[in-house]
Amino acid sequence: MLRSAKTNSLCERLGRACNLNKVEVKQLFLIINNCYPNFQYDDIKTEIWTDMLKGVSFETGQRNLRDHIAASRYSPTISDIVQQTSKEDREILLRNADLAFEQYVNEGGDPYKYVPGDGSGYKKLGG
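Using my numbering, the letters of the sequence shown map in sequence onto residues 9 to 135.
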């Protein structure tokens, strides 16, 4: 298991997909291949990485890849892309989600119709 249940529930709570799909893994591979010309991939590597990166959002994967490229002259491994979010970052995301919910309710929204958004605000069910 790459991510804890707490992290997965956070992704669900924020309304974000937490699994990289094959297309997104291939997008990461293209970036890696352009930065590290010796990096090669095929269908088998794509399958393995897609399976091992369950629990990692595309945004997190991209951010961790950028950080790795900036810091290392060696091509990344799966663990470089997975990098756990720090406890402080998770706490900030949870706090922001709680604040968004409170704002929604304070503005007269029905708490049972609240749907977590992408961090830029909130959404209402049924328009």
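We put the CB at the ideal spot given by N, CA and C, even for glycine.
All figures in this text were calculated on a predicted structure; none of them were measured in a lab.
Assigned secondary structure, V33 (DSSP; H/G/I helix, E/B strand, else coil)
V33 sits in a helix when the DSSP states are folded into three classes.
Confirm, please, whether the CB-CB distance from L107 to I86 is below 8 Å.
Going by C-beta atoms, I86 is not nearer than 8 Å to L107.
Could you please give the first and the last residue of the uninterrupted alpha helix (DSSP H) stretch that includes V90?
Element bounds for V90: 86 to 90.
Please tell me whether, using a cut-off of 7 Å, the distance from the CB of A78 to the nearest non-hydrogen atom of the ligand COA is below it.
Among the components modelled here there is no ligand, and therefore nothing to report on the ligand COA.
Would L28 and V64 qualify as a contact pair, given that the criterion is a beta-carbon distance under 8 Å?
Contact: yes.
Counting Cβ pairs, one atom from each stretch, are 3 or more of them under 8 Å apart for the segment 28 to 41 and the segment 70 to 85?
Touching, yes.
Helix, strand or coil at V64 according to DSSP, with G and I counted as helix:
V64 sits in coil when the DSSP states are folded into three classes, being neither helix nor strand.
Go ahead and label G69 buried or exposed: buried means 16 or more other beta carbons lie within 10 angstroms of its beta carbon, across all protein chains shown.
So G69 counts as buried.
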